[in-house]
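Structure, as C-alpha coordinates:
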Amino acid sequence: MTVVTGPPVTAPPVTELLDALLAAPPGASGPAFHALTAALWDDGALTDAALPAVPLLTARMRGADARGRGHLAILLGLLAEAEYPEAGPVSAAVLAETDLYFTLLASAPRNGPLSLAVRYLLAHFPVLRERVLQAVAPLDLAADDMSRLDRALQALDPVGVSLGRVFPSPAVWTMDEREKAFDRAWIDALSPEQVSAFWHDDTRTVFGSTGAKAYWAVLNDSEVADLPMPELPDRATLPLPGTPDPAIFARHSAALRCPGCGGPLEFTAESATCAADGTRYPMGGGVLDLTAPVPDDAKDFQFKLAEMPSMGLFYESYARPNFLRMSGSDFGDSVTPEVEDAYIAEHIAPVDGPVLDMAAGAGRWTEVLADAVGPERVIPLDLNPPMLTALRVRLPELPAVLASAADLPVADASLGAVLCWNALQAFPEHAAAAVREAARCLKPGGVFCFLTFRASPDPVAAYFQRSHRFPQHDGGLKLFEPAEIDGWLADAGLRVRHRWTPGTFVVVTAEKPE
(Lines of atoms letter the chains of each structure in order from A and count residues from 1; the text may use other names and numbers.)
(Lines give C-alpha, C1' and ligand atoms only; values in the text may rest on other atoms or scores of the structure.)
Protein backbone atom coordinates (compact mmCIF):
# COMPACT_ATOMS: atom_id res chain seq x y z
CA MET A 1 0.00 0.00 0.00
CA THR A 2 1.27 3.45 -0.92
CA VAL A 3 0.35 6.29 1.42
CA VAL A 4 0.83 9.95 0.61
CA THR A 5 0.59 12.79 3.07
CA GLY A 6 -2.81 14.43 3.26
CA PRO A 7 -4.94 16.48 5.61
CA PRO A 8 -6.06 14.78 8.84
CA VAL A 9 -9.65 13.61 8.74
CA THR A 10 -10.57 15.74 11.77
CA ALA A 11 -9.71 18.92 9.88
CA PRO A 12 -12.76 20.84 8.66
CA PRO A 13 -11.94 20.52 4.95
CA VAL A 14 -12.63 16.75 4.81
CA THR A 15 -15.99 16.87 6.57
CA GLU A 16 -16.93 20.01 4.71
CA LEU A 17 -16.04 18.39 1.39
CA LEU A 18 -18.22 15.42 2.27
CA ASP A 19 -21.08 17.79 3.10
CA ALA A 20 -20.52 19.67 -0.16
CA LEU A 21 -20.66 16.46 -2.20
CA LEU A 22 -23.91 15.29 -0.66
CA ALA A 23 -25.48 18.74 -1.01
CA ALA A 24 -24.44 19.21 -4.66
CA PRO A 25 -27.38 19.64 -7.07
CA PRO A 26 -27.90 17.18 -9.93
CA GLY A 27 -25.27 17.54 -12.63
CA ALA A 28 -22.93 19.59 -10.45
CA SER A 29 -21.35 16.97 -8.19
CA GLY A 30 -18.13 16.47 -10.15
CA PRO A 31 -15.99 19.23 -8.57
CA ALA A 32 -17.14 18.33 -5.05
CA PHE A 33 -16.40 14.65 -5.65
CA HIS A 34 -12.94 15.45 -7.03
CA ALA A 35 -12.13 17.63 -4.02
CA LEU A 36 -13.21 14.97 -1.52
CA THR A 37 -11.40 12.24 -3.43
CA ALA A 38 -8.19 14.29 -3.57
CA ALA A 39 -8.19 14.55 0.23
CA LEU A 40 -8.12 10.74 0.56
CA TRP A 41 -6.66 9.35 -2.65
CA ASP A 42 -4.09 10.47 -5.19
CA ASP A 43 -3.94 8.49 -8.47
CA GLY A 44 -4.12 5.11 -6.75
CA ALA A 45 -2.25 6.07 -3.56
CA LEU A 46 -3.92 6.66 -0.19
CA THR A 47 -3.41 9.77 1.88
CA ASP A 48 -3.01 9.45 5.63
CA ALA A 49 -6.57 10.72 5.94
CA ALA A 50 -8.06 7.71 4.15
CA LEU A 51 -8.29 5.19 6.98
CA PRO A 52 -10.04 7.41 9.54
CA ALA A 53 -12.33 8.73 6.79
CA VAL A 54 -13.89 5.35 5.92
CA PRO A 55 -16.32 5.27 8.89
CA LEU A 56 -17.42 8.81 8.05
CA LEU A 57 -18.08 7.85 4.43
CA THR A 58 -20.08 4.75 5.28
CA ALA A 59 -22.05 6.54 7.99
CA ARG A 60 -23.05 9.33 5.62
CA MET A 61 -23.78 6.76 2.92
CA ARG A 62 -26.71 5.46 4.95
CA GLY A 63 -28.59 8.73 4.85
CA ALA A 64 -27.55 9.96 1.42
CA ASP A 65 -29.72 9.93 -1.69
CA ALA A 66 -28.98 7.55 -4.57
CA ARG A 67 -26.62 10.01 -6.29
CA GLY A 68 -24.60 10.56 -3.13
CA ARG A 69 -24.47 6.84 -2.42
CA GLY A 70 -23.19 6.17 -5.93
CA HIS A 71 -20.35 8.67 -5.51
CA LEU A 72 -19.39 7.24 -2.13
CA ALA A 73 -19.43 3.67 -3.46
CA ILE A 74 -16.99 4.71 -6.21
CA LEU A 75 -14.75 6.42 -3.66
CA LEU A 76 -14.79 3.44 -1.28
CA GLY A 77 -13.90 1.18 -4.19
CA LEU A 78 -10.94 3.39 -5.09
CA LEU A 79 -9.73 3.33 -1.48
CA ALA A 80 -9.94 -0.47 -1.30
CA GLU A 81 -8.26 -0.81 -4.68
CA ALA A 82 -5.31 1.29 -3.53
CA GLU A 83 -4.20 -1.64 -1.34
CA TYR A 84 -4.58 -4.26 -4.09
CA PRO A 85 -3.24 -6.95 -4.42
CA GLU A 86 -2.80 -7.15 -0.64
CA ALA A 87 -5.57 -6.65 1.91
CA GLY A 88 -4.86 -3.76 4.24
CA PRO A 89 -6.45 -1.71 7.00
CA VAL A 90 -8.39 0.54 4.64
CA SER A 91 -9.93 -2.33 2.68
CA ALA A 92 -10.74 -4.01 6.01
CA ALA A 93 -12.50 -0.86 7.18
CA VAL A 94 -14.46 -0.70 3.93
CA LEU A 95 -15.36 -4.39 4.23
CA ALA A 96 -16.75 -3.84 7.72
CA GLU A 97 -19.91 -2.31 6.24
CA THR A 98 -20.71 -5.22 3.93
CA ASP A 99 -24.37 -5.44 4.92
CA LEU A 100 -24.94 -1.83 3.87
CA TYR A 101 -23.61 -2.49 0.37
CA PHE A 102 -25.80 -5.53 -0.15
CA THR A 103 -28.85 -3.58 1.02
CA LEU A 104 -28.10 -0.86 -1.53
CA LEU A 105 -27.48 -3.41 -4.28
CA ALA A 106 -30.87 -5.02 -3.71
CA SER A 107 -32.65 -1.67 -4.04
CA ALA A 108 -31.09 -0.37 -7.26
CA PRO A 109 -31.94 -0.95 -10.95
CA ARG A 110 -29.32 -3.26 -12.48
CA ASN A 111 -27.95 -0.81 -15.07
CA GLY A 112 -28.42 2.26 -12.92
CA PRO A 113 -25.60 4.29 -11.41
CA LEU A 114 -25.95 2.99 -7.85
CA SER A 115 -26.01 -0.69 -8.84
CA LEU A 116 -22.98 -0.26 -11.10
CA ALA A 117 -21.09 1.64 -8.39
CA VAL A 118 -21.84 -0.89 -5.63
CA ARG A 119 -20.84 -3.76 -7.90
CA TYR A 120 -17.54 -1.98 -8.62
CA LEU A 121 -17.01 -1.64 -4.86
CA LEU A 122 -17.88 -5.27 -4.07
CA ALA A 123 -15.64 -6.54 -6.89
CA HIS A 124 -12.61 -5.84 -4.66
CA PHE A 125 -13.50 -8.50 -2.08
CA PRO A 126 -13.02 -12.14 -3.16
CA VAL A 127 -13.85 -13.16 0.40
CA LEU A 128 -17.45 -12.17 -0.43
CA ARG A 129 -17.50 -14.08 -3.72
CA GLU A 130 -20.35 -16.49 -3.03
CA ARG A 131 -22.51 -13.88 -1.37
CA VAL A 132 -21.98 -11.37 -4.19
CA LEU A 133 -22.80 -13.88 -6.91
CA GLN A 134 -25.92 -14.94 -5.04
CA ALA A 135 -26.98 -11.31 -4.60
CA VAL A 136 -26.64 -10.42 -8.29
CA ALA A 137 -28.34 -13.56 -9.58
CA PRO A 138 -31.83 -11.95 -9.53
CA LEU A 139 -30.49 -8.95 -11.46
CA ASP A 140 -29.96 -11.04 -14.60
CA LEU A 141 -26.79 -9.15 -15.47
CA ALA A 142 -25.58 -9.02 -19.05
CA ALA A 143 -23.01 -11.71 -19.79
CA ASP A 144 -20.11 -9.28 -20.03
CA ASP A 145 -20.90 -7.56 -16.70
CA MET A 146 -21.44 -10.89 -14.98
CA SER A 147 -18.17 -12.35 -16.24
CA ARG A 148 -16.18 -9.27 -15.19
CA LEU A 149 -17.62 -9.44 -11.68
CA ASP A 150 -16.98 -13.17 -11.49
CA ARG A 151 -13.35 -12.72 -12.61
CA ALA A 152 -12.67 -9.87 -10.17
CA LEU A 153 -13.82 -12.08 -7.30
CA GLN A 154 -11.58 -15.02 -8.23
CA ALA A 155 -8.37 -15.83 -6.41
CA LEU A 156 -5.31 -16.85 -8.40
CA ASP A 157 -5.04 -20.61 -8.96
CA PRO A 158 -1.82 -21.26 -10.92
CA VAL A 159 -3.12 -24.63 -12.16
CA GLY A 160 -4.73 -24.13 -15.56
CA VAL A 161 -4.85 -20.36 -15.14
CA SER A 162 -6.16 -18.25 -18.02
CA LEU A 163 -4.31 -15.00 -18.68
CA GLY A 164 -4.84 -12.05 -21.01
CA ARG A 165 -8.48 -12.90 -21.75
CA VAL A 166 -10.39 -10.36 -19.66
CA PHE A 167 -10.97 -7.41 -21.99
CA PRO A 168 -13.58 -6.47 -22.89
CA SER A 169 -14.89 -9.28 -20.68
CA PRO A 170 -14.07 -12.94 -20.04
CA ALA A 171 -17.48 -13.87 -21.50
CA VAL A 172 -16.43 -13.06 -25.06
CA TRP A 173 -13.34 -15.28 -25.05
CA THR A 174 -14.88 -18.47 -26.43
CA MET A 175 -11.83 -20.14 -27.94
CA ASP A 176 -11.52 -23.32 -29.95
CA GLU A 177 -9.03 -26.06 -29.09
CA ARG A 178 -6.29 -24.65 -31.28
CA GLU A 179 -6.58 -21.23 -29.67
CA LYS A 180 -6.62 -22.77 -26.20
CA ALA A 181 -3.44 -24.69 -27.08
CA PHE A 182 -1.87 -21.44 -28.29
CA ASP A 183 -2.60 -19.89 -24.88
CA ARG A 184 -1.39 -22.88 -22.90
CA ALA A 185 1.95 -22.85 -24.75
CA TRP A 186 2.88 -19.31 -23.74
CA ILE A 187 1.38 -19.46 -20.25
CA ASP A 188 3.21 -22.70 -19.40
CA ALA A 189 6.51 -21.03 -20.30
CA LEU A 190 6.01 -18.31 -17.66
CA SER A 191 7.60 -18.31 -14.24
CA PRO A 192 5.32 -18.28 -11.16
CA GLU A 193 6.24 -14.62 -10.64
CA GLN A 194 5.25 -13.78 -14.22
CA VAL A 195 1.96 -15.65 -13.88
CA SER A 196 1.17 -13.65 -10.74
CA ALA A 197 2.07 -10.35 -12.42
CA PHE A 198 -0.08 -11.13 -15.46
CA TRP A 199 -2.98 -12.18 -13.25
CA HIS A 200 -2.91 -8.96 -11.25
CA ASP A 201 -2.65 -6.89 -14.43
CA ASP A 202 -5.73 -8.70 -15.73
CA THR A 203 -7.55 -7.95 -12.48
CA ARG A 204 -6.66 -4.27 -12.74
CA THR A 205 -8.03 -4.28 -16.29
CA VAL A 206 -11.31 -5.68 -14.96
CA PHE A 207 -11.37 -3.06 -12.20
CA GLY A 208 -10.74 -0.37 -14.82
CA SER A 209 -13.55 -1.53 -17.12
CA THR A 210 -16.00 -1.94 -14.25
CA GLY A 211 -15.01 1.31 -12.57
CA ALA A 212 -15.06 3.44 -15.74
CA LYS A 213 -18.58 2.30 -16.57
CA ALA A 214 -19.85 2.88 -13.03
CA TYR A 215 -18.14 6.25 -12.70
CA TRP A 216 -19.59 7.56 -15.97
CA ALA A 217 -23.07 6.45 -14.88
CA VAL A 218 -22.73 8.17 -11.48
CA LEU A 219 -21.37 11.42 -12.92
CA ASN A 220 -24.07 11.56 -15.57
CA ASP A 221 -26.83 10.14 -13.35
CA SER A 222 -27.67 7.82 -16.20
CA GLU A 223 -28.10 4.13 -16.90
CA VAL A 224 -25.61 2.47 -19.27
CA ALA A 225 -27.12 0.34 -22.00
CA ASP A 226 -25.81 -3.18 -22.50
CA LEU A 227 -23.72 -3.62 -25.61
CA PRO A 228 -24.81 -6.36 -28.00
CA MET A 229 -22.92 -9.64 -27.78
CA PRO A 230 -22.90 -11.00 -31.36
CA GLU A 231 -21.93 -14.62 -31.70
CA LEU A 232 -18.81 -15.24 -33.76
CA PRO A 233 -18.97 -17.89 -36.48
CA ASP A 234 -17.42 -21.29 -35.96
CA ARG A 235 -13.65 -20.99 -36.37
CA ALA A 236 -13.64 -24.04 -38.63
CA THR A 237 -15.87 -22.22 -41.12
CA LEU A 238 -13.86 -19.01 -41.25
CA PRO A 239 -12.55 -18.55 -44.80
CA LEU A 240 -8.97 -17.63 -45.59
CA PRO A 241 -8.15 -15.16 -48.38
CA GLY A 242 -7.38 -16.57 -51.81
CA THR A 243 -4.46 -15.77 -54.06
CA PRO A 244 -5.14 -12.44 -55.78
CA ASP A 245 -4.11 -11.05 -59.12
CA PRO A 246 -0.66 -9.39 -58.67
CA ALA A 247 -2.16 -6.35 -60.37
CA ILE A 248 -3.73 -5.23 -57.08
CA PHE A 249 -0.18 -4.55 -55.87
CA ALA A 250 1.31 -3.47 -59.20
CA ARG A 251 -1.07 -0.53 -59.46
CA HIS A 252 0.67 0.89 -56.36
CA SER A 253 4.22 0.27 -57.59
CA ALA A 254 4.98 4.01 -57.63
CA ALA A 255 4.32 4.21 -53.89
CA LEU A 256 5.38 0.88 -52.32
CA ARG A 257 9.10 0.55 -51.66
CA CYS A 258 11.65 -1.99 -50.42
CA PRO A 259 12.03 -1.38 -46.67
CA GLY A 260 15.73 -2.19 -46.85
CA CYS A 261 17.02 0.11 -49.59
CA GLY A 262 13.96 2.07 -50.73
CA GLY A 263 14.05 0.56 -54.21
CA PRO A 264 10.96 -0.15 -56.32
CA LEU A 265 9.20 -3.51 -56.00
CA GLU A 266 8.12 -5.99 -58.67
CA PHE A 267 5.19 -8.25 -57.85
CA THR A 268 4.15 -11.84 -58.48
CA ALA A 269 1.40 -13.87 -56.81
CA GLU A 270 3.90 -15.33 -54.30
CA SER A 271 6.27 -12.47 -53.52
CA ALA A 272 7.60 -9.00 -54.19
CA THR A 273 11.19 -8.49 -55.32
CA CYS A 274 13.24 -5.32 -54.93
CA ALA A 275 14.41 -4.21 -58.37
CA ALA A 276 17.45 -2.53 -56.81
CA ASP A 277 18.99 -5.19 -54.55
CA GLY A 278 17.04 -8.37 -55.40
CA THR A 279 15.61 -8.91 -51.92
CA ARG A 280 12.41 -10.94 -52.05
CA TYR A 281 9.52 -10.48 -49.63
CA PRO A 282 6.83 -13.15 -49.04
CA MET A 283 3.18 -12.88 -49.92
CA GLY A 284 0.31 -15.07 -48.83
CA GLY A 285 -3.36 -14.61 -49.58
CA GLY A 286 -2.80 -11.10 -50.86
CA VAL A 287 -0.87 -9.98 -47.75
CA LEU A 288 2.65 -8.73 -48.52
CA ASP A 289 5.07 -9.12 -45.61
CA LEU A 290 7.53 -6.24 -45.71
CA THR A 291 8.83 -6.91 -42.21
CA ALA A 292 11.42 -9.48 -43.34
CA PRO A 293 12.77 -11.18 -46.50
CA VAL A 294 11.41 -14.55 -47.61
CA PRO A 295 12.31 -17.17 -44.96
CA ASP A 296 13.73 -20.57 -45.78
CA ASP A 297 10.28 -22.01 -45.27
CA ALA A 298 7.65 -19.71 -46.76
CA LYS A 299 4.97 -21.64 -44.88
CA ASP A 300 6.04 -19.70 -41.77
CA PHE A 301 4.29 -16.63 -43.13
CA GLN A 302 1.16 -18.57 -44.05
CA PHE A 303 1.04 -19.84 -40.47
CA LYS A 304 1.26 -16.30 -39.12
CA LEU A 305 -1.67 -15.29 -41.29
CA ALA A 306 -3.85 -18.12 -40.00
CA GLU A 307 -2.85 -17.86 -36.31
CA MET A 308 -5.88 -16.91 -34.14
CA PRO A 309 -8.00 -16.46 -37.29
CA SER A 310 -11.00 -15.10 -35.36
CA MET A 311 -9.04 -12.17 -33.88
CA GLY A 312 -10.20 -9.70 -36.51
CA LEU A 313 -13.86 -10.54 -35.95
CA PHE A 314 -13.34 -10.50 -32.18
CA TYR A 315 -11.80 -7.03 -32.37
CA GLU A 316 -14.65 -5.54 -34.36
CA SER A 317 -17.49 -7.26 -32.54
CA TYR A 318 -16.33 -6.99 -28.93
CA ALA A 319 -13.06 -5.21 -28.22
CA ARG A 320 -13.46 -2.03 -30.27
CA PRO A 321 -16.92 -0.87 -29.05
CA ASN A 322 -15.90 -1.42 -25.43
CA PHE A 323 -12.56 0.31 -25.95
CA LEU A 324 -14.27 3.36 -27.46
CA ARG A 325 -16.60 3.59 -24.48
CA MET A 326 -13.75 3.54 -21.98
CA SER A 327 -11.10 5.55 -23.82
CA GLY A 328 -13.54 8.03 -25.33
CA SER A 329 -15.55 8.51 -22.11
CA ASP A 330 -18.56 7.57 -24.22
CA PHE A 331 -20.75 5.14 -22.28
CA GLY A 332 -23.67 7.06 -23.74
CA ASP A 333 -22.61 5.78 -27.17
CA SER A 334 -22.77 9.17 -28.91
CA VAL A 335 -19.91 8.38 -31.31
CA THR A 336 -21.49 5.56 -33.29
CA PRO A 337 -19.95 3.70 -36.24
CA GLU A 338 -22.31 5.65 -38.48
CA VAL A 339 -20.94 8.93 -37.13
CA GLU A 340 -17.39 7.71 -37.77
CA ASP A 341 -18.30 6.62 -41.30
CA ALA A 342 -19.72 10.04 -42.06
CA TYR A 343 -16.62 11.82 -40.75
CA ILE A 344 -14.27 9.74 -42.90
CA ALA A 345 -16.40 10.17 -46.00
CA GLU A 346 -16.57 13.94 -45.48
CA HIS A 347 -12.96 14.67 -44.54
CA ILE A 348 -10.87 12.29 -46.64
CA ALA A 349 -10.44 14.41 -49.75
CA PRO A 350 -7.22 13.13 -51.29
CA VAL A 351 -5.10 14.69 -53.98
CA ASP A 352 -3.87 12.37 -56.74
CA GLY A 353 -2.27 9.15 -55.62
CA PRO A 354 -2.97 6.12 -53.42
CA VAL A 355 -4.63 6.41 -50.03
CA LEU A 356 -2.98 4.53 -47.17
CA ASP A 357 -5.05 3.03 -44.36
CA MET A 358 -2.38 3.03 -41.64
CA ALA A 359 -2.97 0.39 -38.91
CA ALA A 360 -6.04 -0.78 -40.80
CA GLY A 361 -6.99 -3.61 -38.45
CA ALA A 362 -9.70 -5.95 -39.71
CA GLY A 363 -10.92 -3.58 -42.40
CA ARG A 364 -14.17 -2.10 -41.08
CA TRP A 365 -13.04 1.46 -41.78
CA THR A 366 -10.94 0.42 -44.77
CA GLU A 367 -14.22 -0.44 -46.44
CA VAL A 368 -15.60 3.02 -45.65
CA LEU A 369 -12.41 4.53 -47.05
CA ALA A 370 -12.69 2.44 -50.23
CA ASP A 371 -16.28 3.57 -50.71
CA ALA A 372 -15.19 7.19 -50.31
CA VAL A 373 -12.19 7.26 -52.68
CA GLY A 374 -12.52 4.07 -54.76
CA PRO A 375 -11.05 0.65 -53.89
CA GLU A 376 -8.38 0.90 -56.58
CA ARG A 377 -6.73 3.73 -54.63
CA VAL A 378 -6.57 2.09 -51.16
CA ILE A 379 -3.56 0.36 -49.54
CA PRO A 380 -4.31 -1.16 -46.13
CA LEU A 381 -1.30 -1.58 -43.82
CA ASP A 382 -1.05 -3.19 -40.38
CA LEU A 383 1.44 -5.11 -38.22
CA ASN A 384 -1.00 -7.84 -37.13
CA PRO A 385 -1.26 -10.78 -39.56
CA PRO A 386 -4.64 -12.17 -38.38
CA MET A 387 -6.18 -8.71 -38.73
CA LEU A 388 -4.99 -8.49 -42.32
CA THR A 389 -6.31 -11.98 -42.98
CA ALA A 390 -9.76 -10.84 -41.88
CA LEU A 391 -9.39 -7.66 -43.95
CA ARG A 392 -8.52 -9.57 -47.11
CA VAL A 393 -11.55 -11.85 -46.67
CA ARG A 394 -13.75 -8.78 -46.26
CA LEU A 395 -12.12 -6.86 -49.14
CA PRO A 396 -10.58 -9.31 -51.63
CA GLU A 397 -10.16 -6.57 -54.24
CA LEU A 398 -7.62 -4.77 -52.03
CA PRO A 399 -3.99 -5.67 -51.35
CA ALA A 400 -2.67 -5.64 -47.78
CA VAL A 401 0.78 -4.82 -46.44
CA LEU A 402 2.33 -6.14 -43.24
CA ALA A 403 4.58 -3.34 -42.00
CA SER A 404 5.10 -0.84 -39.19
CA ALA A 405 3.39 2.54 -39.20
CA ALA A 406 6.55 4.01 -37.66
CA ASP A 407 8.67 3.10 -40.71
CA LEU A 408 6.45 3.05 -43.77
CA PRO A 409 7.69 1.17 -46.86
CA VAL A 410 6.34 4.01 -48.97
CA ALA A 411 8.05 6.57 -51.22
CA ASP A 412 8.28 10.23 -50.27
CA ALA A 413 5.34 12.41 -51.42
CA SER A 414 3.57 9.50 -53.09
CA LEU A 415 0.24 9.32 -51.21
CA GLY A 416 -2.92 11.35 -51.70
CA ALA A 417 -4.13 10.80 -48.14
CA VAL A 418 -3.50 8.74 -45.00
CA LEU A 419 -6.16 7.42 -42.63
CA CYS A 420 -5.20 6.22 -39.13
CA TRP A 421 -8.43 5.38 -37.31
CA ASN A 422 -8.41 4.35 -33.65
CA ALA A 423 -4.79 3.24 -33.78
CA LEU A 424 -2.17 5.74 -32.55
CA GLN A 425 -2.80 4.76 -28.93
CA ALA A 426 -1.96 1.14 -29.79
CA PHE A 427 1.70 2.12 -30.28
CA PRO A 428 2.16 5.20 -28.07
CA GLU A 429 5.98 5.03 -28.14
CA HIS A 430 5.88 5.24 -31.94
CA ALA A 431 2.90 7.56 -32.42
CA ALA A 432 5.04 10.63 -33.13
CA ALA A 433 7.09 8.65 -35.65
CA ALA A 434 3.91 7.43 -37.35
CA VAL A 435 2.71 11.03 -37.74
CA ARG A 436 6.08 12.02 -39.22
CA GLU A 437 5.96 9.08 -41.61
CA ALA A 438 2.45 9.95 -42.74
CA ALA A 439 3.57 13.52 -43.45
CA ARG A 440 6.69 12.35 -45.30
CA CYS A 441 4.66 10.16 -47.63
CA LEU A 442 1.89 12.68 -48.36
CA LYS A 443 1.85 14.74 -51.51
CA PRO A 444 1.45 18.49 -51.01
CA GLY A 445 -2.23 19.13 -50.37
CA GLY A 446 -2.75 15.58 -49.06
CA VAL A 447 -4.57 14.99 -45.78
CA PHE A 448 -3.83 12.92 -42.69
CA CYS A 449 -7.07 11.98 -40.92
CA PHE A 450 -7.02 10.17 -37.58
CA LEU A 451 -9.06 9.20 -34.53
CA THR A 452 -7.37 8.62 -31.19
CA PHE A 453 -7.98 9.58 -27.55
CA ARG A 454 -6.73 12.06 -25.01
CA ALA A 455 -6.15 11.39 -21.35
CA SER A 456 -9.21 12.50 -19.40
CA PRO A 457 -8.81 15.75 -17.44
CA ASP A 458 -10.89 14.06 -14.72
CA PRO A 459 -8.34 12.34 -12.42
CA VAL A 460 -10.62 9.42 -11.58
CA ALA A 461 -11.64 8.78 -15.19
CA ALA A 462 -7.97 9.04 -16.21
CA TYR A 463 -7.06 6.47 -13.56
CA PHE A 464 -9.62 4.05 -14.97
CA GLN A 465 -8.31 4.67 -18.50
CA ARG A 466 -4.76 3.81 -17.38
CA SER A 467 -5.97 0.63 -15.70
CA HIS A 468 -6.43 -0.92 -19.14
CA ARG A 469 -3.62 -3.39 -19.85
CA PHE A 470 -4.85 -5.24 -22.95
CA PRO A 471 -3.15 -6.15 -25.22
CA GLN A 472 -0.06 -3.94 -25.73
CA HIS A 473 -0.27 -1.94 -22.53
CA ASP A 474 1.66 -3.82 -19.85
CA GLY A 475 2.11 -0.68 -17.78
CA GLY A 476 -1.38 0.64 -18.37
CA LEU A 477 -2.94 2.40 -21.33
CA LYS A 478 -1.14 5.59 -22.32
CA LEU A 479 -3.34 8.20 -23.92
CA PHE A 480 -2.21 11.56 -25.17
CA GLU A 481 -2.34 15.18 -24.11
CA PRO A 482 -3.82 17.55 -26.72
CA ALA A 483 -0.65 19.68 -26.74
CA GLU A 484 1.40 16.54 -27.37
CA ILE A 485 -0.65 15.67 -30.46
CA ASP A 486 -0.47 19.25 -31.73
CA GLY A 487 3.31 19.16 -31.32
CA TRP A 488 3.60 16.02 -33.44
CA LEU A 489 1.54 17.58 -36.21
CA ALA A 490 3.51 20.83 -36.15
CA ASP A 491 6.87 19.03 -36.10
CA ALA A 492 5.75 16.96 -39.11
CA GLY A 493 4.81 20.11 -41.04
CA LEU A 494 1.08 19.38 -41.02
CA ARG A 495 -1.60 22.04 -40.60
CA VAL A 496 -4.88 21.23 -38.81
CA ARG A 497 -7.85 21.60 -41.12
CA HIS A 498 -10.53 20.26 -38.77
CA ARG A 499 -10.67 19.10 -35.15
CA TRP A 500 -13.47 17.34 -33.27
CA THR A 501 -13.16 16.34 -29.59
CA PRO A 502 -16.33 14.76 -28.18
CA GLY A 503 -15.74 13.21 -24.76
CA THR A 504 -12.07 12.24 -24.73
CA PHE A 505 -11.94 11.44 -28.44
CA VAL A 506 -9.48 13.35 -30.60
CA VAL A 507 -10.49 13.38 -34.28
CA VAL A 508 -8.32 15.49 -36.57
CA THR A 509 -7.92 16.14 -40.27
CA ALA A 510 -4.54 17.75 -41.01
CA GLU A 511 -3.15 18.90 -44.34
CA LYS A 512 0.32 18.93 -45.85
CA PRO A 513 0.72 22.49 -47.19
CA GLU A 514 1.13 22.99 -50.92
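One point on numbering: in numbering that gives the first Met the number 0, the residue at position 253 of the sequence shown is 252, and numbering is uninterrupted. Idealized CB from N, CA, C, for every residue including glycine.
- When beta bridges are read from the DSSP output, residue 172 appears opposite no residue.
- Rounded to whole angstroms, residue 465 and residue 72 show a C-alpha spacing of 20 Å.
- No residue range can be given for residue 257, since it is assigned to no beta strand (DSSP E) and is classified by DSSP as neither H nor E.
- Segment contact: the region 348-365 against the region 312-321, three or more CB-CB distances shorter than 8 Å; contact assigned.
- Residue pairing by DSSP places residue 283 opposite 286 in a beta bridge.
- Nearest neighbour of residue 100 by Cα position, chosen from 114, 345, 366, turns out to be 114.
- DSSP places residue 165 in the coil class of the three-state scheme, outside both helix and strand.
- Between the alpha carbons of residue 205 and residue 211 lies a gap of roughly 10 Å.
- DSSP places residue 139 outside both helix and strand once states are collapsed to three, so it counts as coil.
- Shortest Cα-Cα distance from residue 219 to any of 33, 25, 15 involves 25.
- In the DSSP secondary-structure assignment, residue 230 is not bridged to any residue.
- Rounded to whole angstroms, the separation of the alpha carbons of residue 52 and residue 144 is 30 Å.
- Under the Cβ criterion (8 Å, minimum of three pairs), the region 327-339 does not count as touching the region 426-441.
- Taking 8 Å as the upper bound for CB-CB distance, residue 397 and residue 377 are in contact here, some 6 Å apart.
- Taking residue 242 as the centre and dropping the five residues before and after it, the same chain places the C-beta of 268 closer than 6 Å to its C-beta, in chain order.
- Rounded to the nearest whole angstrom, the CA to CA distance from residue 367 to residue 501 is 21 Å.
- The alpha carbon of residue 224 has as its nearest neighbour, out of 141, 291, 468, 261, the alpha carbon of 141.
- Counting only residues of its own chain and dropping the five nearest sequence neighbours on each side, residue 88 has a CB closer than 6 Å to the CB of 50.
- When the alpha-carbon of residue 76 is set against those of 395, 463, 110, 494, the nearest one is in 463.
- Contact between residue 165 and residue 201 holds: CB atoms are separated by about 5 Å, below the 8 Å threshold.
- The three-state secondary structure of residue 507, taken from DSSP, is strand.
- In this structure, residue 467 sits near residue 325, with a CB-CB distance shorter than 8 Å.
- Taking a contact as a CB-CB distance under 8 Å, the pair residue 21 and residue 61 does not count as one, their CB atoms being some 11 Å apart.
- Here residue 247 has 285, 396, 397, 398 as same chain residues with Cβ atoms under 8 Å from its own Cβ, once five neighbours each way along the sequence are excluded.
- For residue 247, the secondary structure class from DSSP, reduced to helix, strand or coil, is helix.
- Fully contained in the region 365-422 are the following alpha helix (DSSP H) runs of length 4 or more, in chain order: 384-393.
- Excluding residues up to 5 positions away in sequence, 114, 222 lie with their Cβ nearer than 8 Å to the Cβ of residue 108 in the same chain.
- Judged by DSSP secondary structure, residue 465 falls outside any beta strand (DSSP E) and instead within the alpha helix (DSSP H) spanning 458-465.
- Out of 448, 174, 390, 428, the CA that lies nearest to the CA of residue 477 is found in 428.
- Less than 8 Å separates the beta-carbon of residue 409 from that of residue 255.
- Pairing residue 278 with residue 264, the inter-Cα distance amounts to about 9 Å.
- If you look at residue 266, you'll find it in the beta strand (DSSP E) that goes 264-266.
- For secondary structure counted as the alpha helix (DSSP H) over 4 or more consecutive residues, the region 16-74 holds these complete runs in sequence order: 29-39, 49-62.
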